[in-house]
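In the working numbering, the protein residues as written are 497 to 778.
Backbone N, C-alpha and C define an ideal beta-carbon position, used for all residues, glycine too.
Each remark here refers to the structure printed beneath this line.
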Amino acid sequence: MPTPSTRPIRLGRIGYLNVLPLHYPLETGVLTGDFELVAGSPAELNRLMDQGLLDLSGCSCIEYARHPEKYLIVPGLAIGSRGPVQSVLLLCRTRPEDLDGRTILVSAQTHTSAALVDLLLKSHIGVTVRYRTGDATALLAAGERPEAILCIGDEALNLRRHPDYPVRMDLGEAWRQWTGQPFIFGLWIASREALRTRRAEILAGARLLIEAKKWGQANLAAISAVAAHNSILSEPEMRSYFDGLVYDLGPEELDGLTLFYGKLAEAGVIGSAPELAFLPLG
497 MPTPSTRPIR
507 LGRIGYLNVL
517 PLHYPLETGV
527 LTGDFELVAG
537 SPAELNRLMD
547 QGLLDLSGCS
557 CIEYARHPEK
567 YLIVPGLAIG
577 SRGPVQSVLL
587 LCRTRPEDLD
597 GRTILVSAQT
607 HTSAALVDLL
617 LKSHIGVTVR
627 YRTGDATALL
637 AAGERPEAIL
647 CIGDEALNLR
657 RHPDYPVRMD
667 LGEAWRQWTG
677 QPFIFGLWIA
687 SREALRTRRA
697 EILAGARLLI
707 EAKKWGQANL
717 AAISAVAAHN
727 SILSEPEMRS
737 YFDGLVYDLG
747 PEELDGLTLF
757 YGKLAEAGVI
767 GSAPELAFLP
777 LG
């Protein structure tokens, strides 16, 4: 059995299409390195990082805010949008302004999006709602019709044109309209403990992720064709989806992230807005 110092680093891979441009070169051998990919929803990867079971991972941006003492942010790498994100949606049977006192069904796979929709509804739109957790796809198939559904990732892409939900609030676009800023849904973070014990491997893994991002951005046409093969989205729709996403963590994205953390702190979701501490890649 490999010891912690000799095993490959454990790299968390968000199990959604939105990160395919980043992980495709790693999963197909275009780029190689000493890592073990562990796939999961953002909520699952948050838990594994918190428990010290992953070394480096894509995670909900709220996970970093909850435990900044445990993590360092991989610089220049994120998943977000500067407008419509298409795969983080509040699907409604009525207008969001009419949801006051109603109950929204929320996917258990999301942490950041649940916090964001609550901020948007309370502070931007001015309504207070209740939440329950459940599997939207299964409930709809069983004939249930919740008043509104917050869905993310591939499920959102699949349900976004559901005929019983004519009103769709794209959370990336709603945030942009409210604040004028990009929204960062996910970050890549490294375990501070893993960096202490396996510094060279963690830094090499982070650099490989950044190289993979650049490769993916340069090959979106080919990746869109692959992704559309087993999707309800056509190849042009898939390319439009990827083109609307942000994979960089530049000054504007950092401003949007800092603003979100400040609003979470004001709302009492987190104790205080965390300082952004980055992995030292040189």
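Is it right to say residue 618 is buried, meaning 16 or more other beta carbons lie within 10 angstroms of its own, or is it exposed? exposed
Three-state secondary structure (DSSP) of residue 629: strand
Let me know the alpha helix (DSSP H) ranges lying completely inside the segment 614-692, each 4 residues or longer, listed in chain order. 632-637, 649-655, 667-675
Specify, as a first and last residue, the run of the beta strand (DSSP E) that residue 602 falls within. 599-602
With respect to the alpha helix (DSSP H) encompassing residue 768, which residues constitute its N-terminal and C-terminal limits? Note, residue 768: premise wrong, no alpha helix (DSSP H); not H, not E.
Is residue 712 helix, strand or coil by DSSP? helix
Under 8 Å between C-beta atoms of residue 598 and residue 644: yes
When the distance is taken between beta carbons, is residue 608 closer than 8 Å to residue 681? yes
Counting Cβ pairs closer than 8 Å, one from the segment 557-567 and one from the segment 756-776, do we hit at least three? yes
Classify residue 626 as buried or exposed, calling it buried when 16 or more other Cβ atoms lie within 10 Å of its own Cβ. exposed
Quick one: what's residue 567 bridged to in DSSP? 687
In angstroms, rounded to a whole number, what distance separates the CA positions of residue 615 and residue 710? 33 Å
Which same chain residues end up closer than 6 Å to residue 761 when comparing Cβ atoms and leaving out the 5 residues on each side of it in sequence? 768, 769
By a C-beta neighbour count over all protein chains shown, 10 Å radius and 16 as the cutoff for buried, is residue 584 buried or exposed? buried
Span of the beta strand (DSSP E) holding residue 585? 584-588
Which one of 706, 679, 543 has the shortest CA to CA distance from residue 521? 706
What do you reckon, are the CB atoms on residue 649 and residue 582 nearer than 8 Å? no
Simplified DSSP assignment, three categories, for residue 730: coil
Just to confirm my understanding: we take residue 775, look at its own chain, exclude 5 residues before and 5 after, and list those with CB closer than 6 Å. What are they? 568, 570, 686, 702
Alpha carbon to alpha carbon, what distance is there between residue 665 and residue 674? 13 Å
Along the chain, where does the alpha helix (DSSP H) that runs through residue 543 open and close? 538-546
How about residue 752 and residue 662: are their beta carbons less than 8 Å apart? no
Cut-off 7 Å between Cβ atoms - residues of its own chain near residue 574, not counting five sequence neighbours on either side: 680, 682, 683, 742, 743, 744, 745, 749
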